[in-house]
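Chemist: Chains as they are written, first to last, in the working numbering: chain A, 280 to 780; chain B, 23 to 116.
Where a beta carbon is used, it is the ideal one built from N, C-alpha and C, also for glycine.
These numbers were taken from a predicted model, which means no experiment stands behind them.
1) Taking residue 688 of chain A and residue 707 of chain A to be in contact with their CB atoms under 8 Å, please state how far apart those CB atoms are, rounded to whole angstroms.
2) Going by Cα to Cα distance, which pick from A:302, A:771, A:554 is closest to residue 480 of chain A?
3) Which one of A:450, A:517, A:679, A:617 has the shortest CA to CA distance from residue 651 of chain A?
4) Quick check on the burial criterion: 16 or more other C-beta atoms within 10 angstroms. Buried or exposed for residue 457 of chain A?
5) Counting pairs of Cβ atoms below 8 Å between the stretch 747 to 764 of chain A and the stretch 714 to 731 of chain A, do you hit three or more?
6) What does DSSP give as the partner residue(s) for residue 395 of chain A in the beta ladder?
7) With a 10 Å radius around its C-beta and 16 neighbouring C-beta atoms as the bar for buried, classify residue 518 of chain A as buried or exposed.
8) Per DSSP, what are the beta-bridge partners of residue 514 of chain A in this structure?
9) From the DSSP secondary-structure annotation, give me the bridge partner or partners of residue 302 of chain A.
10) Whose Cβ in chain B lies nearer than 8 Å to the Cβ of residue 644 of chain A?
11) Residue 90 of chain B: which of B:80, B:103, B:78, B:79 sits nearest, CA to CA?
12) Look at the alpha carbon of residue 739 of chain A and the alpha carbon of residue 583 of chain A, and state the distance between them as a whole number of angstroms.
13) Applying the criterion that 16 or more other CB atoms from any shown protein chain within 10 Å of the CB defines a buried residue, is residue 61 of chain B buried or exposed?
14) Should residue 38 of chain B be flagged as near chain A, meaning a C-beta pair shorter than 8 Å?
15) Evaluate the contact criterion for the stretch 383 to 398 of chain A versus the stretch 339 to 350 of chain A: three or more CB pairs, one atom per stretch, below 8 Å.
16) May I ask you to report which of helix, strand or coil DSSP gives residue 33 of chain B?
17) When DSSP labels each residue in this structure, what does residue 634 of chain A get in the three-state scheme?
18) Pull up the distance between the alpha-carbon of residue 395 of chain A and that of residue 437 of chain A, whole angstroms please.
19) Under 7 Å between beta-carbons, which chain B residues line up against residue 385 of chain A? List them in chain order, please.
20) Please report how far the alpha carbon of residue 445 of chain A lies from the alpha carbon of residue 498 of chain A, in whole angstroms.
21) Of the residues B:56, B:94, B:80, which one's Cα is nearest the Cα of residue 372 of chain A?
22) Name the two residues that bound the continuous alpha helix (DSSP H) containing residue 560 of chain A.
23) Which residues of the stretch 524 to 536 of chain A have a Cβ closer than 7 Å to any Cβ of chain B? Give them in chain order.
24) Is residue 322 of chain A close to chain B, meaning its C-beta is less than 8 Å from at least one C-beta of that chain?
25) Kindly list the residues whose CB is nearer than 7 Å to the CB of residue 660 of chain A, restricted to its own chain and excluding five residues on each side of it in sequence; keep chain order.
26) Please compile the residues from chain A whose C-beta is within a distance smaller than 9 Å of the C-beta of residue 47 of chain B.
27) Compare the C-alpha of residue 530 of chain A against each of B:106, B:111, B:67 and name the closest.
28) Name the two residues that bound the continuous alpha helix (DSSP H) containing residue 669 of chain A.
29) How would you label residue 556 of chain A, buried or exposed, when you count the other beta carbons within 10 angstroms and need 16 or more for buried?
30) Which residues of chain A have a Cβ atom closer than 8 Å to the Cβ of residue 42 of chain B, listed in chain order?
31) Where DSSP assigns a beta bridge to residue 664 of chain A, which residues make up the other side?
32) Between the stretch 322 to 336 of chain A and chain B, which residues of the former have CB atoms less than 7 Å from a CB of the latter, in chain order?
33) Does DSSP classify residue 617 of chain A as helix, strand or coil?
34) Note down, in chain order, each residue of its chain lying with its Cβ closer than 6 Å to the Cβ of residue 627 of chain A, except the 5 sequence neighbours on either side.
35) Are there 16 or more other CB atoms within 10 angstroms of the CB of residue 768 of chain A, so buried, or fewer, so exposed?
36) Where do the ends of the alpha helix (DSSP H) carrying residue 455 of chain A lie?
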């Protein structure tokens, strides 16, 4: 995708100046549509660009010029400061005033040596975390399943952010594989620091930008400015509002990060919520921002599928013999795993025989308490294990082997473990309300009040002692309406690709 | 009669040369202005980078981290500060 060539870079000047010259030339065709003299040197070209941005009524022109000069995606205060500097300028001093205004932003820029490419009227997907990391739970599963399908069908431009979050950049070949080829064995080595530092900044213009993850805290203000000033249409996948609406169940820093994210939400064009329950949460927030004179984003429900993730062939030797109860999900209070353990202990004490497997990691502050409980039960001879670092294919094999799975989470954005269990014909005991309640309505689930331990005990006892009930739920699963990852990817694309508001 | 057009042509050429020279001078001034700005920005940026890469900055990092942790404990309490620290380490390690 990169159109940066060596010709862009004058070998006889330092890398910072040559990169700056390249970025100004990349911006020129967009700021000087009447024709830019790209043979001119950087100084006169900058003057033309500054006067064009000064005379323009469009914020996107100034936003683009700031990126070109500093190698950084500005925050709202930077754009406003630059706008004010140009308003107070004359043609003669406009360049100097703007450079002076942007000096502080530039001197802290990590991208002074980085070139830039501008892409117009494209679909740009921010996959920062999935490209940079191997972690693969809820949000990453959604992004990877969806983008592996988009890659061929819509050829979007995938971007990550530079280390300190100063600008969007191209992703490297290995990073791309992490996003679109997750289901296969990824060959090769991850990009080194130098290779990543050489990847150009990507500047979208008049494009559809999809923020597919909940961004790092340090990206939120720059992303908000993209929404406010860049002229791009910004779409978000809305996963949940748990860090705000159930702040008591998450660490403080998650809430702080989410508050920053909400600043982006209020300026976004569209939130594509992963369930009706999440759509209601975001709609409530969108309505609340009218008090600030903003219209808020349009919130649309695009429910996730009840389907299994793409994975390598399953191995068969991960499940124990006999009745297996499976509980998938990270270890945090909201997932209510202690209630499952409590119910299991009661049922073991009643004389029921079954194996219990928890699959999922979590913060050491939660896992150490949980692991103590598990060890106590193991010492008492109970067949319970916590499996961490389980691959997708091993997890799918466990779902297939399980008599049923248990997912009595106190709150979810969607509940992928419920969907994946059902997609593999395994009944689920899950929460009666919210997004898991939505999934359960189509059959195959026993619903419980997760705040009532006795309700969980009763449901587990029923499925452990009544094989006919299990078979009945399996028949219900067979009659559920099917919705695949292909369908989800297509529906999501119908709101984003080529759909500028 | 013929000398008048010749004279006009000569004066036009001279004006064009003068114009080109002024343009070049102006371009050089603008380049110089941008170069000065770039030098200042680059040098200050490198100065910061150099500070960050000095031995003293690196060996005192644990002290700064400890101070940051102490402040975090004051702000959000011990357990949350620990959780934040663990999350940071994990994020760094990917």
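Modeler: The relevant details are as follows:
1) So it is not a contact: roughly 11 Å between Cβ atoms.
2) A:302
3) A:617
4) buried
5) yes
6) The secondary-structure analysis by DSSP pairs residue 395 of chain A across a beta bridge with A:480.
7) buried
8) A:489, A:549
9) Paired residue(s): none; residue 302 of chain A is not in a bridge.
10) 101, 104, 105, 108
11) With distances taken between Cα atoms, residue 90 of chain B lies closest to B:103.
12) 26 Å
13) exposed
14) Contact of residue 38 of chain B with chain A is not assigned, every C-beta pair being separated by 8 Å or more.
15) yes
16) helix
17) Three-state result, residue 634 of chain A: strand.
18) Looking at the two C-alpha atoms, the distance is approximately 15 Å.
19) 63
20) 8 Å
21) B:56
22) 555 to 567
23) 530, 531, 532
24) yes
25) none
26) By Cβ distance, chain A contributes nothing, its closest Cβ being about 11 Å from residue 47 of chain B, past 9 Å.
27) The shortest Cα separation from residue 530 of chain A among B:106, B:111, B:67 belongs to B:106.
28) Element bounds for residue 669 of chain A: n/a, residue is neither H nor E.
29) buried
30) Per Cβ cutoff of 8 Å: no residues; residue 42 of chain B is ~13 Å from chain A at best.
31) A:636
32) Flagged, chain order: 322, 323, 325, 326.
33) helix
34) 661
35) buried
36) 452 to 459
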